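Start counting at 1 in the sequence shown, then tack on 734, and there's your number in our numbering.
Here a beta-carbon is modelled for each residue, glycine too, at the ideal position from N, C-alpha and C.
Bear in mind that the values here come from a model prediction, so they are computed numbers and not experimental data.
This report concerns only the one structure given below.
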Amino acid sequence: MGSDSGEAIGQLLSVNKSLKELRMSNNPVGDAGGEHIAKGLNATKTLKVAHLSDTKCSGKTAIMLEQLIRTKNQHCLRDLDISNNLIIMDDVEKLADAFKESQIECLNLRGNFVSAEEIIAFEQVLLAVSTMTKRKFIF
Numbered sequence: 735m736g737s738d739s740g741e742a743i744g745q746l747l748s749v750n751k752s753l754k755e756l757r758m759s760n761n762p763v764g765d766a767g768g769e770h771i772a773k774g775l776n777a778t779k780t781l782k783v784a785h786l787s788d789t790k791c792s793g794k795t796a797i798m799l800e801q802l803i804r805t806k807n808q809h810c811l812r813d814l815d816i817s818n819n820l821i822i823m824d825d826v827e828k829l830a831d832a833f834k835e836s837q838i839e840c841l842n843l844r845g846n847f848v849s850a851e852e853i854i855a856f857e858q859v860l861l862a863v864s865t866m867t868k869r870k871f872i873f
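Put into structure tokens, the structure is as follows:
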């Protein structure tokens, strides 16, 4: 699947009334498709699980997903996997910050573009979210 598929899936999610899980891992939709999928995730009211690992998404998609995570009570998403993508530390920090106040129960960001130095620099932010009870922040 490519970015065109991401657009079609985003449109389907916008009108979805029953789908509860979306597993798009290992489909290189990139940011072009990822942005459409993020818009669709924001519109659907039934989806609880979205796995988008290894989809070649980066900053543009990450920012849209950060906004989605921040919108409480407008979606029922509980499990978001955006691991092994092209997301940099600045965006990881924004996603982690959004996660703190969200209704998301599991956010997986493992395997994105982050150096050891960046992890040390953002240790306080990451520590706060990685030790939350009854919720998982995987980094």
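Asked	Found
Below 8 Å on the Cβ atoms is my guess for Leu-802 versus His-809; work out the distance and round it to an integer in Å.	7 Å
Let me know the secondary structure DSSP gives Phe-871 once reduced to three states.	strand
In the DSSP assignment, the beta strand (DSSP E) including Asn-842 goes from what residue to what residue?	840-842
At which residues does the alpha helix (DSSP H) containing Val-826 begin and terminate?	823-834
Given that a residue counts as buried once 16 or more other Cβ atoms are within 10 Å of its Cβ, and exposed if not, what is Lys-787?	First, the amino acid is wrong: residue 787 is Ser here, not Lys. Flag for Ser-787 reads buried.
Out of Ile-838, Leu-747, Val-848, which has the shortest C-alpha to C-alpha gap to Ala-777?	Leu-747
So Ile-816 and Ser-792 are in contact, right, with Cβ under 8 Å, and what is the actual spacing, rounded?	The Cβ separation is near 10 Å, so there is no contact.
Can you tell me whether DSSP reads Leu-820 as helix, strand or coil?	coil
Go to Asp-813, then tell me how far its beta strand (DSSP E) extends in each direction, as first and last residue.	813-815
I want to check one thing, is the minimum distance from the CB of Asn-760 to the heavy atoms of the ligand FAD below 7 Å?	What this structure holds is no ligand at all, so the ligand FAD is not there to describe.
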